[in-house]
Amino acid sequence: MHFFEAIILGLVQGLTEFLPVSSSAHLRILGELLPGAEDPGAAFTAITQIGTEAAVVVFFWRDIVRIIGQWFRSLVGKAPRNDPDARMGWLIIIGSIPIVVLGLLFQDQIETVFRSMWIVAIMLIVFGVLLGIADMVGAKRRELKDLTVGHGVAFGFAQALALVPGVSRSGGTITMGLFLGYKRADAARYAFLLAIPAVFGSGFYQLFKSWDVQGPFSLPETLVATVIAFAVALGVIAFFMNWISKRSFLPFVIYRIALGTVLIVLLSMGVLQP
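Just so we're aligned, residue 26 is where the sequence shown starts under our numbering, counting upward by one.
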């Protein structure tokens, strides 16, 4: 593989990481379709995900600094424990626990069985349908100030489902938020903030674990893909937050179902291998 493939994968990573369409599913599919039909590798995926998550840090920088600052102040008694930002800090920590525990428990399955293209196709369709239902029936009245510990845990388990390619980290978390009655923008904002420790943690862990593993991409190619993923993701976050404040998730639901269906057809015909 060369710079062209790395650029394409970086572009797709940036485009799909925060849309509810599953970036891991798209990278898994592209790994089969691009010249050489090769898995990009754990190190490449980990580094490019760090790039896209850095876009979240830049976009929500003021929120993150305020939350961290108030959380630390509440620990030393300089801010009330029920301060909204300090409380959000705790809710992000609590919501991150499920993905850490389940990621460690099912690490082998995540890297083998769950990467089957059949599972990817089914998850794209199933969670696309669930997102559509949640968007239709959700009350959309609650805001982040209404977030409880129980809801934080529920969001966390929904995020953990994204360990299976095809589910979508943002899609699964936002779907849970809609079912719990949160507004689209509030569910998305918490989903993005909740992803920060999970993605950075798993990204640096995978990077450390696979540092000496020879992958299909060189370091310069990987860095180019990461920069592209960061730049594209920054624009996608701005677009997505603006979109959901005015419109529904229906286009993403239709896209997921269509992509999953096409994938099943290609697998059935033997064009793609599971």
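Where a beta carbon is used, it is the ideal one built from N, C-alpha and C, also for glycine.
The count of Cβ pairs closer than 8 Å, one atom from the stretch 141-157 and one from the stretch 274-285, reaches three, so the stretches are in contact.
Exclusion of the five residues before and after I75 leaves V224, F225, G228, F229, L232, T251 as the residues of its chain whose Cβ lies within less than 8 Å of its Cβ. Annotated three-state conformation of R194 is helix, per DSSP. The Cβ atoms of S193 and S293 lie no closer than 9 Å to each other. Looking only at T200, L205, V82, A71, the smallest Cα-Cα distance to L275 is reached by T200. The count of Cβ pairs closer than 8 Å, one atom from the stretch 79-92 and one from the stretch 48-59, stays below three, leaving the stretches out of contact.
Secondary structure at R106: coil, using DSSP grouped into helix, strand and coil.
Just so you know, the alpha carbons of I289 and V174 end up roughly 39 Å apart. L297 and G35 have their C-alpha atoms roughly 22 Å apart. Here the stretch 129-146 does not lie against the stretch 261-268, with fewer than 3 beta-carbon pairs under 8 Å apart. The way I'd put it, the stretch 175-188 does touch the stretch 106-125; three or more beta-carbon pairs between them come closer than 8 Å.
Residue ranges of uninterrupted alpha helix (DSSP H) with 4 or more members, entirely inside the stretch 136-211 and ordered along the chain, are 142-162, 174-185, 194-204. By the criterion of a C-beta distance shorter than 6 Å, A220 is surrounded in its chain by R194, once the five residues flanking it on both sides are discounted.
When rounded, the separation of the alpha-carbon atoms in W143 and P299 is 6 Å.
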